[in-house]
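*Asks:* This is the structure, below, for whatever I ask next.
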Amino acid sequence: MTGNLNLFSSIWDISPSSVGLPDGLQTNAIKAGSVSLADGITLRHVLYVPNLAVNLISVSCLATDANCFVAFSNDICVLQDRTSKSPIGLGKMHRGVFVFQPLSTATVAAVSESESYELWHRRMGHPSSQPLIHLPTVSVVSPSLKTICDVCCRTKHSRTVFPDSTSRVSTISGAKYFLTIVDDYSRTVWVYLMHDKGQIGTLLRNFCNMVHTQFGKLVKIIRSDNGHEFDSQPMTRFYNDHGILHQTSMVDTPKQNGRVERNTVIF
Numbered sequence: 001m002t003g004n005l006n007l008f009s010s011i012w013d014i015s016p017s018s019v020g021l022p023d024g025l026q027t028n029a030i031k032a033g034s035v036s037l038a039d040g041i042t043l044r045h046v047l048y049v050p051n052l053a054v055n056l057i058s059v060s061c062l063a064t065d066a067n068c069f070v071a072f073s074n075d076i077c078v079l080q081d082r083t084s085k086s087p088i089g090l091g092k093m094h095r096g097v098f099v100f101q102p103l104s105t106a107t108v109a110a111v112s113e114s115e116s117y118e119l120w121h122r123r124m125g126h127p128s129s130q131p132l133i134h135l136p137t138v139s140v141v142s143p144s145l146k147t148i149c150d151v152c153c154r155t156k157h158s159r160t161v162f163p164d165s166t167s168r169v170s171t172i173s174g175a176k177y178f179l180t181i182v183d184d185y186s187r188t189v190w191v192y193l194m195h196d197k198g199q200i201g202t203l204l205r206n207f208c209n210m211v212h213t214q215f216g217k218l219v220k221i222i223r224s225d226n227g228h229e230f231d232s233q234p235m236t237r238f239y240n241d242h243g244i245l246h247q248t249s250m251v252d253t254p255k256q257n258g259r260v261e262r263n264t265v266i267f
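If you use the UniProt record's numbering, the sequence shown corresponds to residues 1 to 267, in order.
Following this line, the structure appears as structure tokens:
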């Protein structure tokens with residue numbers, strides 16, 4: 001209901017209808033009509049009440065007549081189109097009631113500024129922008145207002161690699177190298193220390209025997225980088241004798257062995 005005739009796009013006379021005011025007084029609605037609330041949103045059967053100081057909107061009418069979705073928080077009310085989920089308007093709490101404003105008004109900037117997005121970004125544990133657009137209180141934020149989060153930049157960056165060392169430090173047992181084996185199905189990791197790379201052949205043979213004895217399975221495929229220790233004549237004979245396919249990654253493409261490479265970085 002409203003007391004402003006200028007808001008009506010169409011209006012007609014009705015039988016006087018009694019309306020109770022918050023101060024306890026009674027008045028009459030003498031006309032009704034249609035009022036355009038926002039682009040594509042028109043409220044029908046809006047009552048015209050002379051001398052009514054404020055415009056009052058029924059939430060049930062918004063949900064039924066205007067096909068809108070209304071979400072409330074502590075101090076903000078967001079109005080969205082039920083079909084497209086696009087924001088239409090919002091209301092801010094003022095003296096116990098929500099004051100509605102279309103998104104086209106300048107006052108929406110106070111709610112749509114980047115601080116609102118950043119606040120919820122921190123509250124939700126620094127997720128990407130996709131989960132946040134489903135929150136009614138931040139769905140009105142324009143993508144252009146999203147700023148770069150300094151915390152995300154710092155925590156998601158990897159440290160610059162150390163320069164190659166000119167010397168190798170041995171373990172207590174004298175090992176200088178290690179062999180990492182990852183089961184592609186279970187992601188189980190085995191790590192073997194080596195004094196030199198010539199031990200790889202023995203370690204792989206022992207590993208295949210261990211898998212067969214302990215798990216009752218046969219190793220069918222071994223994928224490695226292009227290291228010569230994996231492609232030597234003794235290893236080729238071992239692959240052929242046991243029916244094992246040996247696959248190698250492309251040159252300068254460690255991403256093909258990404259699961260093993262990630263473990264190598266950790267170690």
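Beta carbons are placed, not taken as given, at the ideal position from N, Cα and C, and that holds for glycine.
#1: Which value, in whole angstroms, describes the spacing of the CA atoms of Val211 and Met250?
#2: What do you reckon, are the CB atoms on Cys149 and His121 nearer than 8 Å?
#3: Measure the C-alpha to C-alpha separation of Ile181 and Pro163 and round it to an integer number of angstroms.
#4: Can you tell me where the beta strand (DSSP E) holding Ile133 begins and where it ends?
#5: Strictly by DSSP, which residues pair up with Trp190?
#6: With distances taken Cα to Cα, identify the nearest neighbour of residue 347 among Val46, Pro131, Ala29 and Thr213.
#7: What does DSSP give as the partner residues of Met93 in its beta bridges?
#8: What residues in its chain sit with their C-beta under 7 Å from that of Arg44, if we drop five residues either side in the sequence?
#9: Scan the segment 17 to 95 and note each continuous beta strand (DSSP E) run of 3 residues or more that stays entirely inside, going in chain order.
#10: Find out if the Cβ-Cβ distance for the pair Leu203, Ala175 is shorter than 8 Å.
#11: Would you mind working out which of Gly20, Val219 and Leu90 sits nearest Ala71, comparing C-alpha positions?
#12: Where does Asp252 sit, in a helix, a strand or coil, going by DSSP?
#13: Is the Cβ-Cβ distance between Lys255 and Glu229 less than 8 Å?
#14: Out of Phe178, Ser18 and Gly125, which has the shortest C-alpha to C-alpha gap to Val151?
#15: Inspect the beta-carbon positions of Cys68 and Leu56 and report whether they are closer than 8 Å.
#16: My output table needs one value for Ala106: the three-state DSSP class, helix, strand or coil.
#17: Based on Cα-Cα distance, which residue from Asn51, Leu47 and Pro131 lies nearest to Ser58?
*Replies:* Walking through what the data contain:
#1: 27 Å
#2: Cβ distance < 8 Å, so Cys149 and His121 count as in contact.
#3: 26 Å
#4: Unbroken run through Ile133: none, as it is neither H nor E.
#5: Ile181
#6: The question about residue 347 has no answer, for the chain in this structure spans 1 to 267.
#7: Phe98
#8: Ser34 and Asp65
#9: DSSP runs (the beta strand (DSSP E)) wholly in the segment 17 to 95: 26 to 38, 41 to 48, 68 to 72, 76 to 81 and 87 to 94.
#10: Their beta carbons are not under 8 Å apart, which means Leu203 does not touch Ala175 by this criterion.
#11: With respect to the C-alpha of Ala71, the residue from Gly20, Val219 and Leu90 having the closest C-alpha is Leu90.
#12: coil
#13: Against a cut-off of 8 Å, the Cβ pair of Glu229 and Lys255 comes out as no contact.
#14: Gly125
#15: no
#16: Residue placement at Ala106 is poorly supported in this model, since its pLDDT is 35, which falls under 50; the coordinates still yield a value, given next. In the structure shown, the three-state DSSP call for Ala106 is helix.
#17: Leu47
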